[in-house]
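Novice: Just so you know, the protein sequences line up as chains H and S, in that order. All residue numbers for the first sequence refer to my numbering, where the first residue is 70 and numbers rise by one. All residue numbers for the second sequence refer to my numbering, where the first residue is 37 and numbers rise by one.
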Amino acid sequence: MVLARSEVARSRRPGPVRGTAVRLGLMAVPLAFFALFFAYPVVAIVGRGLKDGGQWQLGRFGAVLSDPDIVHVLWFTVWQAAASTGLTLLIALPGAYVFARFDFPGKQLLRAVVAVPFVLPTVVVGSAFLALVGRGGLLDELWGVRLDTSVWAILLAHVFFNYAVVVRTVGGLWAQLDPRQEEAARMLGAGRFAAWRRVTLPALGPAVAAAALMVFLFTFTSFGAVQILGGPTFATLEVEIYRQTAEFLDLPTAAVLTLVQFAAVLGVLALHAWTVRRRETALRLVPASQTAHRPRGRGQWTLLWGTLAVITLLLLVPLAVLVERSFAGPHGYGAGFYTSLRSAATADSTFAVAPLDALWNSLAYGAAATAIALVVGGLAAAALTLPRLRRGPMGRTAWISRFVRGFDALLMLPLGVSAVTVGFGFLISLDAPPLDLRASWWLVPLAQALVGVPFVVRTMLPVLRAVDGRLREAAAVLGASPWRVWREVDLPMVRRALLIAAGFAFAVSLGEFGATVFIARPDQPTLPVAVARLLGRAGELNYGQAMALSTILMVVCAAALLVLERLRPLDHSGEF
Amino acid sequence: MRTTSRITATAVAAAVGMSALAACGASGGGSAGAKTVTLVSHDSFNVSKSVLAAFEKESGYKVRILKGGDAGKAVNQAILSKGNPQGDVFFGIDNTLLSRGLHEGLFTPYRAKGLDKVPAALQLDKGEHRVTPLDYGDICVNYDRGYFARHKIAPPKSFDDLLEPRYKGLLVTENSATSSPGLAFQLGTIAKYGQDGWQGYWKKLKANGVEVVDGWEQAYNDRFSGSAAGKGKGDKPLVVSYASSPPAEVLGKKPAPEEAPTGVAAGTCFRQIEFGGLLKGAKNEKGGKALLDFLVSRKFQEDVPLQMFVNPAREDAKVPQLFTKYGTTIDKPTTLPPETITKNREQWIKQWSSLVLK
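1) Out of H:I569, H:T620, H:S578 and H:F493, state which residue places its alpha-carbon closest to the alpha-carbon of L631 (chain H).
2) Please state whether the Cβ-Cβ distance between L199 (chain S) and V167 (chain S) is less than 9 Å.
3) If you run the structure through DSSP and keep just helix, strand and coil, what is H227 (chain H)?
4) Quick one, are the C-beta atoms of G173 (chain S) and R350 (chain S) less than 9 Å apart?
5) Taking 9 Å as the cut-off, decide whether the C-beta atoms of A272 (chain H) and V235 (chain H) are in contact.
6) Would you kindly work out how many angstroms separate the C-alpha atoms of P301 (chain H) and V248 (chain S), rounded to a whole number?
7) Less than 9 Å between the beta carbons of D171 (chain S) and I309 (chain S), yes or no?
8) Taking F345 (chain S) as the query, report the chain H residues whose CB atoms sit under 9 Å from its CB, ordered along the chain.
9) Cα separation between T363 (chain H) and L158 (chain H)?
10) Anyone know if the C-beta pair for P551 (chain H) and L579 (chain H) falls short of 9 Å?
11) Between A165 (chain H) and G240 (chain H), how many whole angstroms is the CB-CB distance? I'm expecting something under 8 Å.
12) Starting from the beta carbon of R411 (chain H), find every residue of chain S whose beta carbon is closer than 7 Å, and list them in chain order.
13) If we cut at 9 Å on Cβ distances, does I226 (chain S) have a partner in chain H?
14) Scan the segment 495-569 of chain H and note each continuous beta strand (DSSP E) run of 3 residues or more that stays entirely inside, going in chain order.
15) Is there a Cβ from chain H that is less than 9 Å from the Cβ of A471 (chain S)?
16) Look at A627 (chain H) and A181 (chain H) and say whether their C-beta atoms are less than 9 Å apart.
17) With a threshold of 16 other CB atoms inside 10 Å of the CB of R459 (chain H), please say whether the residue is buried or exposed.
18) Quick one: does E295 (chain S) have its CB under 9 Å from some CB of chain H?
19) Who are the near neighbours of L93 (chain H) in its chain, counting only those whose CB is closer than 7 Å to its CB and skipping five residues on each side?
20) Can you give the beta carbon distance from I385 (chain S) to L223 (chain S), rounded, assuming they're within the 8 Å contact cut?
21) On a Cα-Cα basis, can you pick out the residue from S:K162, S:K193, S:I189 and S:K188 that is closest to C176 (chain S)?
22) Counting contacts by CB-CB distance shorter than 9 Å, is P399 (chain H) in contact with chain S?
23) Compute the Euclidean distance between the alpha carbons of T288 (chain H) and H227 (chain H), then round it to the nearest angstrom.
24) Strictly below 8 Å CB to CB, what residues from chain S border Q296 (chain H)?
25) Taking C-beta pairs closer than 8 Å, name the residues in chain H that E422 (chain S) reaches, listed in chain order.
26) Any beta-carbon of chain H closer than 9 Å to the one on Y256 (chain S)?
27) Compute the beta-carbon to beta-carbon distance between A304 (chain H) and V142 (chain H), rounded to the nearest angstrom, for a pair I have assumed lies under 8 Å.
28) For a contact meaning CB atoms closer than 7 Å, what does L610 (chain H) contact in chain S?
29) Do R170 (chain H) and T376 (chain H) count as a contact pair if the criterion is CB distance below 9 Å?
30) Suppose the cutoff is 8 Å on Cβ atoms and the five residues either side in sequence are ignored; what does the same chain contact list for A60 (chain H) look like?
31) For the segment 483-512 of chain H, which residues have a beta carbon sitting closer than 7 Å to at least one beta carbon of chain S?
32) Buried or exposed: where does L95 (chain H) fall if 16 or more other Cβ atoms within 10 Å of its Cβ makes it buried?
33) List the residues of chain S that L199 (chain H) touches, going by C-beta distances under 7 Å, in chain order.
34) Would you call Y402 (chain H) buried or exposed, if buried means 16 or more other Cβ atoms sit within 10 Å of its Cβ?
35) What would DSSP say about C176 (chain S), mapped onto helix, strand or coil?
36) For the beta strand (DSSP E) holding Q308 (chain S), just list the boundary residues, first then last.
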């Protein structure tokens, strides 16, 4: 990067006051977004539960939390989340390595495909997963192994759902770590494992922590998977909040449980922030294409084949079952359900969903949600990575850095709050002009973006933070404006992260169900909503059509993710 | 670098452009003028496009439909937005939730035209007309005809039958706390055996191997052997479902079979009646009244069976052949007064949970 002489001449170093102003400026949009579309509705619904005639009823905490049923739910929620996270890391980290460092035919396609379970509606996946581990399922027929209504089914399903989170979050960074650092360590006499532990592991730390945190959050708030595979004996906090709100309209109990979930999620986030701060280092990033190679030696081939076997058994087989069911008509295999979908489009019913319409709705909502999530999440991530503030003589900046840290946590909170809480919150708070959004088209993308923003921030932060701060300082010393520093230094380095973030936000929007079903208008159903409607009816035709629509959703998700894989430039020379 | 930034720019522009387009395409529905009437309902609400279009043409109103999740969620949503409702008419509050809605004062009384054609047994708010009965359906144990023919056992007919040893381990039902058919089945046993006797019945049912899953989808599609969707892989020939499930099993079958592959145990049915009402605070009260009249009209009522798989409330509404040929008419369904249900609902569910699930 060569700056024009005239620009150097105009150089002036930005003062600390200006730095703070820029940071607060960047934070303004995300803050406003979260205040309006998250904090306000949630506070409104929790407040309604805890207030009685204008008086706060805090005594309800004691009553709810001493109920042995609730204590049992809390305990189960925590331990199954911890177990799921451990199991997911154990199974997916080798996968992250394989995707980051090995080249093999079909890698891009496979990378896109493993992310598909993550974005499919749980109703569909649960049903497909049962076909693998349930009674009469594949494992049952082959070896008499049945895992339904056991905790193992829940744990494996959580691995199934979250495999991609680890592969993408950790693998994305791993692919860009310079292997020469590890090689240098080995040259200096370190063993293979020691070199990995001392060089690669610390560098990966923040990404592993971020991935583990996400998996923990998803499994901690798991709803559909627990409901379908665990049977009625296992309930998470999220299931209990849903029941208390949607079934009993017991808002006080739901409010207490929502706050408990909030506190737990905040605790996890604080822990995460602490780990990341300890591990934060400037990394030497190189283009991913330079670090990947064909596997060499028996060990690497075994690892590759082992990973492929795991992916096949755990991820591809349940997905294949979906496809199989969509073609298995009453008279053998055929495209009957697909053609019946097309005729449903002309059938005389508001229920019949033309798959192309539902697909178009899904894409439009997803694109809008992605755009919102990228703007909000991108600004937030940029604000969070501005150079660390130096403590002033009066400790003046201390509150700001604390505020920034709190902001960091705030961005993750939507993942820890149940869709029904947010949905009911929208209903009672966004109900008056100018913000009567209850019937607006924008409600769906706004709700979906709430879930997308954390992905954008989490995917971009590790990479943004890993940018060597001296580069930014050098640019600033040479007179570049903060905007220009970001554009010339940060942007080229995070472009890939940005694309991955966009892909995730988009795919999450496509598959989002909990909030969408609550607010989507019937004339504009998304694919998951249409699938759920069909699944809720008896008969082979409805079921087959649901499977056919699910397959379409699956293909669209895979295609979207594949396109993003392709968007990633192949020739990296000069980029980083 | 130049190439890649162009690609990024294109991608971002495409995303922004797409959302702008989508917003344009949708902006028409956002405005709710006096010429629009809004119906709030649950996910299962459906109507033929042509039937709806006929109403729109006749009345001059454009109908907007808002759905709010399953029935319970939709009702609670209406309660939360009471006084500032999302729409003008609510469709789909049933007798298990009715008195909660009436108690909250959700509805403005209105006597819809054509109500005299609705049998008195369905009119649970006869004196005040805050709500209008619009359809009914029965929740009963369904059986797999093939299974019972193969094993040469007669299928069960009543609640008592289900306790017999020959039906041991054959029944799967839904969790009362999370599934409305599950709850209806429990309410049916309470109606039959009384507030003192139902727990004893369930103890025996549990001893006879009843299995509970969380939702209807799992019970019916995954576990019930009579479900065509399950391809006969289900292991339970008895399931709690709807009296209209057997006709649904025939839907789309070519050639149409002589009888439905599944049947209904007529003595195990609990009747759900769905009501509609004019929401208090409706912005278009006049349009709402016209819409309610339309919902009771023969045109809409005759559309109900094939759209929502329930029976029309009007006695003079013609029912399609699919229902008359493959369905079962339930003469003596059990039912409970709405007030009793509302008063005890939560406690009953809790008692049921600790009795059956633990």
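Every residue gets a Cβ at the ideal spot worked out from N, C-alpha and C, and that includes glycine. Bear in mind that the values here come from a model prediction, so they are computed numbers and not experimental data.
Specialist: Per the coordinate set shown:
1) Against the first sequence, residue 631 (chain H) aligns to sequence position 562. Ranking H:I569, H:T620, H:S578 and H:F493 by Cα distance to L631 (chain H) puts H:I569 first.
2) If you number the second sequence from 1, residue 199 (chain S) lands on position 163. If you number the second sequence from 1, residue 167 (chain S) lands on position 131. Against a cut-off of 9 Å, the Cβ pair of V167 (chain S) and L199 (chain S) comes out as no contact.
3) Translated into positions along the first sequence, residue 227 (chain H) becomes position 158. Note: H227 (chain H) maps to helix in three-state DSSP.
4) Residue mapping note: residue 173 (chain S) aligns to position 137 of the second sequence, counting from 1. Residue mapping note: residue 350 (chain S) aligns to position 314 of the second sequence, counting from 1. Contact: no.
5) Numbered from its first residue, the first sequence carries residue 272 (chain H) at position 203. Numbered from its first residue, the first sequence carries residue 235 (chain H) at position 166. Cβ distance not < 9 Å, so A272 (chain H) and V235 (chain H) don't count as in contact.
6) Numbered from its first residue, the first sequence carries residue 301 (chain H) at position 232. Numbered from its first residue, the second sequence carries residue 248 (chain S) at position 212. Near 7 Å, if we compare the C-alpha coordinates of V248 (chain S) and P301 (chain H).
7) Against the second sequence, residue 171 (chain S) aligns to sequence position 135. Against the second sequence, residue 309 (chain S) aligns to sequence position 273. Yes.
8) The residue given as residue 345 (chain S) occupies position 309 in the second sequence. Correct list: R606 and A607.
9) Position 294 of the first sequence, counted from the first residue, corresponds to residue 363 (chain H). Position 89 of the first sequence, counted from the first residue, corresponds to residue 158 (chain H). The residue asked about is misnamed: residue 363 (chain H) is Arg in this sequence, not Thr. Approximately 24 Å between the Cα atoms of the pair.
10) Position 482 of the first sequence holds residue 551 (chain H). Position 510 of the first sequence holds residue 579 (chain H). No, the pair does not count as a contact, with Cβ atoms beyond the cut-off.
11) The count along the first sequence starts at 1 and reaches residue 165 (chain H) at position 96. The count along the first sequence starts at 1 and reaches residue 240 (chain H) at position 171. That pair is a contact at about 4 Å.
12) Position 342 of the first sequence holds residue 411 (chain H). Residues of chain S passing the Cβ test: none, with the nearest at roughly 14 Å.
13) To locate residue 226 (chain S), count along the second sequence from 1; it is residue 190. Not one chain H Cβ lies under 9 Å of I226 (chain S).
14) none
15) With chain S covering only 37 through 394, there is no way to say anything about residue 471 (chain S).
16) Mapped onto the first sequence, residue 627 (chain H) falls at position 558. Mapped onto the first sequence, residue 181 (chain H) falls at position 112. Yes. Within cutoff.
17) Here residue 459 (chain H) corresponds to residue number 390 of the first sequence, with the count starting at 1. The predicted position of R459 (chain H) is uncertain, since its pLDDT is 48 and thus under 50; a value taken from the coordinates is nonetheless stated next. R459 (chain H) is exposed by the Cβ-count criterion.
18) Position 259 of the second sequence, counted from the first residue, corresponds to residue 295 (chain S). No, E295 (chain S) lies away from the interface with chain H (no Cβ there is under 9 Å from its Cβ).
19) Sequence index remark: in the first sequence, residue 93 (chain H) carries index 24 (1-based). Cβ within range, chain order: n/a, list empty.
20) Taking the second sequence and counting its residues from 1, one reaches residue 385 (chain S) at position 349. Taking the second sequence and counting its residues from 1, one reaches residue 223 (chain S) at position 187. Actually they are not in contact, since the Cβ atoms of I385 (chain S) and L223 (chain S) sit about 10 Å apart, beyond 8 Å.
21) One-based indexing of the second sequence puts residue 176 (chain S) at position 140. The shortest C-alpha separation from C176 (chain S) is found at S:K193.
22) Indexing the first sequence from 1 puts residue 399 (chain H) at position 330. With 9 Å as the cut-off, P399 (chain H) counts as an interface residue toward chain S.
23) Position 219 of the first sequence holds residue 288 (chain H). Position 158 of the first sequence holds residue 227 (chain H). If you take the alpha carbons of T288 (chain H) and H227 (chain H), they lie about 7 Å apart.
24) Sequence index remark: in the first sequence, residue 296 (chain H) carries index 227 (1-based). What Q296 (chain H) touches in chain S: T214, D250 and G251.
25) Nothing about residue 422 (chain S) can be reported from this structure: the residues present for chain S run from 37 to 394 only.
26) Position 220 of the second sequence, counted from the first residue, corresponds to residue 256 (chain S). It does; some Cβ of chain H falls within 9 Å.
27) As a first step, residue 304 (chain H) is located in the first sequence; it is residue number 235 there, counting from the start. As a first step, residue 142 (chain H) is located in the first sequence; it is residue number 73 there, counting from the start. About 5 Å; that satisfies the 8 Å criterion.
28) In the first sequence, the residue the question calls residue 610 (chain H) occupies position 541. Result: L287 and G288.
29) Here residue 376 (chain H) refers to the residue found at position 307 of the first sequence. Here residue 170 (chain H) refers to the residue found at position 101 of the first sequence. Contact flag unset, no.
30) An answer regarding residue 60 (chain H) cannot be provided, because it is not within the stretch 70 to 645 covered by chain H.
31) F493, L496, I497, D500, R507, A508, S509 and W510
32) For the purposes of this step, residue 95 (chain H) is taken as the residue at position 26 of the first sequence. Flag for L95 (chain H) reads buried.
33) Stepping through the first sequence from its first residue, residue 199 (chain H) is reached at position 130. The answer, in chain order, is D258.
34) Your numbering for residue 402 (chain H) matches position 333 in the first sequence. Under this definition Y402 (chain H) is an exposed residue.
35) Here residue 176 (chain S) refers to the residue found at position 140 of the second sequence. Strand at C176 (chain S).
36) Position 272 of the second sequence, counting from 1, holds the residue named residue 308 (chain S). Unbroken beta strand (DSSP E) run through Q308 (chain S): F306 to L315.
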